[in-house]
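Participant: Before I ask anything, here is the structure I am working with.
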Amino acid sequence: MKILSAAKINLTLEILGRRPDGFHEVATWMLPIGLYDSVEIELASQSSFYPNLPELKGDRSNLIIQAAQVFN
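What follows is the structure, encoded as structure tokens:
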């Protein structure tokens, strides 16, 4: 499955606090723009992650890795 994830520009971004799960509560005004990331997902016997940018890490700090672990 190939998914396009829309980009946006945050016109304002206020961090309201940290939730118990470690993520932040935010208040924001966003402006959608005509750019997208392309995310491809396929069934496999084990998880793998092949980023196309060297600065993307394949460890627990990456939300893609966290999402994949939910299904393992």
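The numbering used here puts the first residue of the sequence shown at 258, with every later residue one more than the last. All C-beta atoms in this analysis are idealised placements derived from N, C-alpha and C, irrespective of residue type, glycine included.
By Cβ distance, which residues of its chain are closer than 8 Å to F306, with the 5 residues on each side in sequence left out?
Facilitator: G315, N319, I321, I322, A325
Participant: On a Cα-Cα basis, can you pick out the residue from I260, S262, L268, M258 that is closest to L288?
Facilitator: L268
Participant: Taking the alpha carbon of S262 as the point to measure from, which residue in Q303, V327, L292 has its own alpha carbon closest?
Facilitator: Closest in alpha carbon position to S262, among Q303, V327, L292, is L292.
Participant: Tell me V283's beta-bridge partners as DSSP assigns them.
Facilitator: I272
Participant: Kindly identify the DSSP beta-bridge partner or partners of L288.
Facilitator: Looking at the DSSP output, L288 sits in a beta bridge with I266.
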